[in-house]
Structures are given as structure tokens and as C-alpha cells.
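Input: a single structure, listed below in C-alpha cells.
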Amino acid sequence: MNHQQLFERIKKKRSFLCVGLDTDLSKIPPHLLAYQDPIFEFNKRIIDATHDLCVAYKPNMAFYESRSFEGWLSLEKTAQHLPDDVLKLADAKRGDIGNTSRMYAMGFFDKMGFDAITLSPYMGSDSVLPYLQFENKWVVLLALTSNEGAADLQYLKTENGLLFEEVLKVAKTWGTIDNTMFVVGATKASMLKKVRKIVPEHFLLVPGVGAQGGSLTEVAKNGLTDKCGLLVNASRSIIYASKGEDFAEAARAEALLMQQQMEVILGEAGLLG
């Protein structure tokens, strides 16, 4: 799936929503604990209830790796259950070089069937280029995050600007708009203008809308392009909308609210014609 194909899916679904599958065994509805694989059962029902409203799913690897072998089995089954009309994004935040990177890429792309993976660009081009050798796959590079500690490094002043700006300038040369995205936190929406000056066409993965308080309107105002250029992620606000037996219906209701807002945004921008 390339840049244009992703945009076509956005237009078809009238949505640029990514649902984060940050599935915590301690937070899922208690009745699911009776199932052999409660994590997968939860994910399956969330996916079945929301897949027509979103264009991507983003399982966060930490929630699966923390459960060791059982967690990896839940992740594999989840990846296999994801429909073909969504971007399957592994939120792994890997960052290593050479053959190690290639092994990670083989695992997530070839073996598990993910379309994209989040990476840290801190180690430079040779930590990212091995992933870009895989056809029709994406790297999603951390650029400007919303956590408090982001100020420790990302906002350091350099001769030519802030450090995150320098990362963007260099990292955009490693790939193309068809295989590279950047992570920009929704709570940093005002900084999206700076980001767009450097990467005016790339897709941005924007977490933080929903439970973290980011504004969808502000994100769209500052980050939307003529090909949308945004994947806005919501996790907890959707998947944990209810702890009752109606959790899937509640998740759908929350996803529908976001999809409807996105449809308005896309329509007002003239992107649905």
C-alpha cells in the first residue's frame, strides 16, 4: 500500500482513524477472563465492531511482550484477524542496526504480516534502511512526542533549529512519502506547522487524541494535507469505553463519533469529492 492507496482508503471510509490495541489484561471486561485467550477475544470483538470506521490498527507491542509466550500468541492471532482493508501497524519502537534491524523487519513484516512499524531514528540511517528494503511496507519514525521527557532531547537547540527539526530533515531523505511516516503527538498540535514546513506531504501518525486530551480539530487545522496526510490514533478512549458486556458496542460508538468528526473535516477540506 503506497501513499495514494492509503489516501483512497481514507476517502472510502471517510475516516483517518487508527485504533490502538493497547490491550491490558487488568482492564478488559472481567467476563472475558473465562476465555482461553482473553486478550485475543477482546481484540477480536473490538476489531469486528470498528473495522468499517477506521483505516488502521496499532497494537502496542509492550502489552503483548509483557505476557511472554502467551502474549505473542495473542498478538499473532490478532494480526491474522485484522482485515485486509486496514493498515496493520506494529507499535514496536525498535531501534538497532544492520542484521538486527533486518531480523526485526522479517519478523514483523514477513512472519506476522504487519504493514508498518514504529522505529526510533536515534541510531541513524543504518538502523532504518533495512526495513525500507521490504516492498510495500512502511517505517513510522518518532519525531515529536507528547511525553514530558520529550523536552530533554527533542527541543534541544542546534545551529539550524530544534533537534526534532533536524531529525525530520535528515530522516525524510532515507525513504519516500510511500514508505515513511512520522510520529507527532496530538498534544503538540501547535508544533505541527513546524513539522509540515519540513515534511509537507508525508503521512503523520498522531497519537494522543482522546484519553490524553489532544484536539482532533487542532491536529487537522495544523496538519491536514491535500491527501489528508494524517492517521490519528485513539486507544483507551475507544477500547475501554465500557468494562461491561457491551464493551464492543461502546467502542464502536466512540469510534463512530470520531469517524463522523473526521468525515466533516475531510468534507470541509474538499477531500471527499
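Residue numbering for the sequence shown follows the working numbering, starting at 45 and increasing by one per position. From the three backbone atoms N, C-alpha and C, an ideal C-beta is built for every residue, glycine too. All figures in this text were calculated on a predicted structure; none of them were measured in a lab.
**OP:** Determine the contact status of residue 138 and residue 310, defining contact as a CB-CB distance below 8 Å.
**Re:** no
**OP:** Could you spell out where the alpha helix (DSSP H) holding residue 147 opens and where it closes?
**Re:** 142-149
Original post:
Between residue 51 and the rest of its own chain, which residues show a CB-CB distance below 7 Å, the 5 nearest in sequence each way excluded?
Top reply: 271, 272
**OP:** Report yes or no: do the segment 145-160 and the segment 175-187 share at least 3 C-beta pairs separated by less than 8 Å?
**Re:** yes
Original post:
Is the beta carbon of residue 322 sitting closer than 8 Å to the one on residue 282?
Top reply: No answer is possible for residue 322: the residues shown for the chain start at 45 and end at 317.
Subject >> Stretch-stretch touch, CB-based, cutoff 8 Å, three pairs: the segment 124-134 with the segment 93-106 >> reply: yes
Subject >> Runs of beta strand (DSSP E) lying entirely within the segment 225-280, each at least 3 residues, in chain order >> reply: 247-250, 274-278
Subject >> residue 211 (DSSP reduced to helix, strand or coil) >> reply: helix
**OP:** Could you tell me which of 168, 305, 289 sits nearest to residue 77, measuring between CA atoms?
**Re:** When each option's Cα is compared against that of residue 77, the closest is 289.
**OP:** Write down every uninterrupted run of the alpha helix (DSSP H) in the segment 45-97 whose length is 4 residues or greater and which is fully enclosed by it, in chain order.
**Re:** 47-57, 82-94
**OP:** Per DSSP, which residues does residue 138 bridge with? Please list them.
**Re:** 163
**OP:** Pull up the CB-CB distance for residue 188 and residue 237, whole angstroms please, since I reckon it's below 8 Å.
**Re:** At roughly 12 Å, the Cβ-Cβ gap does not stay under 8 Å, so residue 188 and residue 237 are not in contact.
Subject >> Own chain residues within Cβ distance below 7 Å of residue 82, not counting five before or after >> reply: 69, 72, 76
**OP:** Following the continuous alpha helix (DSSP H) through residue 284, name the residue where it begins and the one where it ends.
**Re:** Looking at the DSSP string, residue 284 is not in any alpha helix (DSSP H), and its letter there is neither H nor E.
Subject >> Boundaries (first-last residue) of the beta strand (DSSP E) holding residue 185 >> reply: 182-188
**OP:** Over the uninterrupted beta strand (DSSP E) stretch that includes residue 101, give me the two end residues.
**Re:** 100-103 is the span of the beta strand (DSSP E), which, as asked, contains residue 101.
**OP:** Starting from residue 301, trace the alpha helix (DSSP H) both ways and give me its first and last residue.
**Re:** In the DSSP annotation of this structure, the continuous segment of the alpha helix (DSSP H) that includes residue 301 starts and ends at 291-312.
**OP:** May I have the straight-line CA-CA distance separating residue 299 from residue 313, to the nearest angstrom?
**Re:** 21 Å
Original post:
By Cβ distance below 8 Å, which residues in the same chain neighbour residue 212 in space, the five residues on each side in sequence not counted?
Top reply: 187, 226, 239, 242, 243
**OP:** Could you check the C-alpha separation between residue 263 and residue 215 for me, to the nearest Å?
**Re:** For residue 263 and residue 215, the distance between alpha carbons rounds to 22 Å.
Subject >> Among 280, 316, 258, the one whose alpha carbon lies nearest that of residue 191 >> reply: 258
Original post:
Just the Cα atoms here: how many angstroms apart are residue 156 and residue 301?
Top reply: 31 Å
Original post:
Among 166, 86, 224, 178, which one has its Cα closest to the Cα of residue 210?
Top reply: 166
**OP:** State yes or no: is the C-beta of residue 61 within less than 8 Å of the C-beta of residue 278?
**Re:** For the 8 Å CB-CB criterion, residue 61 and residue 278 form a contact.
Original post:
Looking at the structure shown, is residue 122 part of a helix, part of a strand, or coil, going by DSSP?
Top reply: Three-state DSSP puts residue 122 in a helix.
**OP:** Assuming residue 133 and residue 100 form a contact by the criterion Cβ under 8 Å, report the distance between their Cβ atoms to the nearest whole angstrom.
**Re:** 6 Å
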